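Heads up: the sequence lines are chains A and B, in that order.
The numbering of the first sequence is our numbering, which starts it at 114 and goes up by one.
The numbering of the second sequence is our numbering, which starts it at 114 and goes up by one.
We put the CB at the ideal spot given by N, CA and C, even for glycine.
Computed from a predicted structure; not experimentally measured.
Number of protein chains: 2
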Amino acid sequence: MLRISKLTDYAIVLASHLANAEGPWSSPRLACETNLPKPTVAKILKALCRAGLVSSTRGVTGGYTLARSADAISVGALIEAIEGPIAVTECTDDHAETPCILEGDCGLQANWQRINDAVSAALDSIPLSAMAGRSVLTLVQLRTPDSASAKRT
Amino acid sequence: MLRISKLTDYAIVLASHLANAEGPWSSPRLACETNLPKPTVAKILKALCRAGLVSSTRGVTGGYTLARSADAISVGALIEAIEGPIAVTECTDDHAETPCILEGDCGLQANWQRINDAVSAALDSIPLSAMAGRSVLTLVQLRTPDSASAKRT
DNA sequence: AGAAACAGGACCGGGAAGGTACTGTTTTGG
DNA sequence: CCAAAACAGTACCTTCCCGGTCCTGTTTCT
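The following block contains the structure:
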């Protein structure tokens, strides 16, 4: 799998909607547009607001707006706002209570860290505007410099 | 998070052990070496065997061995053997019962598919030998050709 | 024949995800 | 000034899957 949570998926959808429209949108209206349950939408928007990705205005004509330009908000930032820092394995998590069964000298941890960084950087490099836009040519391209000897399965 | 499951993590550890040693290893012995519970090790090895990544010999002197060279087994293949095909979102899953709330014309699905492919290709390009080895210089490097306009958050 | 190891189920508890409800607090409009 | 509308925060609950265990075959070597 290696899947993001549904909440995160919804967050991208909501952010894309905000990117494609101007003016504040109320959470009930966004919920209606996206066919998502209203409380879930509210929860997600609040999380994004806490992360500083969207801004909210209260009152009867209030709603949510992107805090920055859609170019300046990355998919990685949205993911981190909902599910916390990206950590492919428990090793790569900063506060791992299990100090790795193999006790540090396993080469796996460093390699996982590299993979983690690569994935994280890739997601950070994709702006929301690219996701919200219709015709995206190449979002991310991967290069494996030392993979000459790696026979792909 | 965007995390692989513990079982998958263990699978990489076990496969690395197999890569660093020759001859068949019994699952109890591997469990002892890696400090993992025996039944869990057995379950993982059986899954890897079904996926054709390791081969097993039965009998009193039996055990598990890598089915191919450690160069010819990718990290992505190990992940897929345990958790099924890589699908970052439900959209990118082949058998999604929810036909996407936005009904096809959302540009998100195609973009997620690209991201999914990129991650999948990156993991497929890392051979087990690179993970098992100690000094890995650069596992995977990412390049974002059209990210010139993407201001990283 | 017996012991050791793989094979393949069924089973089960814990925890997180996903969804709901309730109660404030703020702002606009009459 | 008050009521309505919308955000803010918290607490709670249900469901599903991960992770782990056990049990019963089947195979092979000694």
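Practice problem: Specify, as a first and last residue, the run of the alpha helix (DSSP H) that V201/A falls within. | Solution: Note, V201/A: premise wrong, no alpha helix (DSSP H); not H, not E.
Practice problem: Can you check DSSP and say which residues form a bridge with L179/B? | Solution: L179/B is bridged by DSSP to V167/B.
Practice problem: For R142/B, decide whether its Cβ has a neighbour in chain A, counting only Cβ atoms nearer than 8 Å. | Solution: no
Practice problem: Return the chain-ordered list of same chain residues with a C-beta closer than 7 Å to the C-beta of A132/B, the five sequence neighbours on each side being excluded. | Solution: L179, A183, L241, S242 and A245
Quiz prompt | Residues in the stretch 155-186 of chain B having any Cβ partner in chain A nearer than 9 Å | solution = L166, R181, S182, D184, A185 and I186
Quiz item: Whose C-beta lies closer than 6 Å to the C-beta of V126/B among residues of the same chain, with five residues either side of it excluded?
Solution: Cβ within range, chain order: T147.
Quiz item: Can you tell me the Cα-Cα spacing of V167/B and Y177/B, whole angstroms?
Solution: 6 Å
Quiz prompt | Meets three-Cβ-pair contact criterion under 8 Å: the stretch 159-166 of chain A and the stretch 187-196 of chain A | solution = Output reads yes: the stretch 187-196 of chain A touches the stretch 159-166 of chain A.
Quiz item: By Cβ distance, which residues of its chain are closer than 8 Å to V232/B, with the 5 residues on each side in sequence left out?
Solution: I199 and V201
Quiz item: Which residues mark the beginning and the end of the alpha helix (DSSP H) in which A185/B is found?
Solution: No alpha helix (DSSP H) contains A185/B, which DSSP labels as neither H nor E.
Self-check item: Three-state secondary structure assigned by DSSP to P240/B
Solution: Per DSSP, reduced to three states, the secondary structure at P240/B is strand.
Quiz item: Nearest chain B C-beta to E135/A closer than 8 Å, yes or no?
Solution: no
Quiz prompt | Contact set between S129/B and chain A, taken where Cβ atoms lie within less than 7 Å | solution = L221
Quiz item: Per DSSP, W138/B forms a beta bridge with which residues?
Solution: Y177/B
Practice problem: With distances taken Cα to Cα, identify the nearest neighbour of L236/B among W225/A, L149/A, V173/A and A124/A. | Solution: With distances taken between Cα atoms, L236/B lies closest to W225/A.
Exercise. Would you tell me roughly how many angstroms separate the C-alpha atoms of I239/A and A185/A, rounded to the nearest one?
Key: 10 Å
Quiz item: For V224/B, does the three-state DSSP call read helix, strand or coil?
Solution: What sits at residue 224/B in the sequence shown is Asn, not Val. Of the three classes helix, strand and coil, the one that applies to N224/B here is helix, per DSSP.
Quiz prompt | Among A190/B, S139/B and A124/B, nearest to G172/B - alpha-carbon criterion | solution = S139/B
Practice problem: Below 8 Å CB to CB, which residues in the same chain sit around N229/B once its five sequence neighbours on both sides are set aside? | Solution: Around N229/B: I199, A200, V201, T202 and T205.
Exercise. Output the distance between the C-alpha atoms of A190/B and L115/B, rounded to the nearest integer angstrom.
Key: 18 Å
Quiz item: Taking just the CA atoms, how far does Q222/B sit from Y123/A?
Solution: 12 Å
Quiz item: With burial defined as no fewer than 16 other Cβ atoms inside 10 Å of the residue's Cβ, what is the status of A144/B: buried or exposed?
Solution: Of the residues assessed, A144/B falls on the buried side of the cut-off, its CB having 16 or more other CB atoms within 10 angstroms.
Exercise. Measuring only between beta-carbons, confirm whether A235/A sits less than 8 Å from chain B.
Key: yes
Quiz item: Are G165/B and P137/B touching if we call contact CB-CB under 8 Å?
Solution: Against a cut-off of 8 Å, the Cβ pair of P137/B and G165/B comes out as no contact.
Quiz item: Residues of chain B with CB under 8 Å from T202/A, in chain order?
Solution: R116, I117 and D122
Quiz prompt | Whole-angstrom distance between I117/A and A234/A, CA atom to CA atom | solution = 16 Å
Self-check item: is_contact[A231/B, chain A] using C-beta, thresh 8 Å
Solution: yes
Quiz prompt | For S233/B, three-class secondary structure by DSSP | solution = DSSP, reduced to helix, strand and coil, places S233/B within a helical segment of the structure shown.
Quiz item: Apart from the five residues just before and just after R227/A, which ones in its own chain have a Cβ nearer than 8 Å to its Cβ?
Solution: Nothing meets the Cβ criterion.
Quiz item: So which of S129/B, T121/B, L120/B and K119/B has the shortest CA-CA distance to G220/A?
Solution: S129/B
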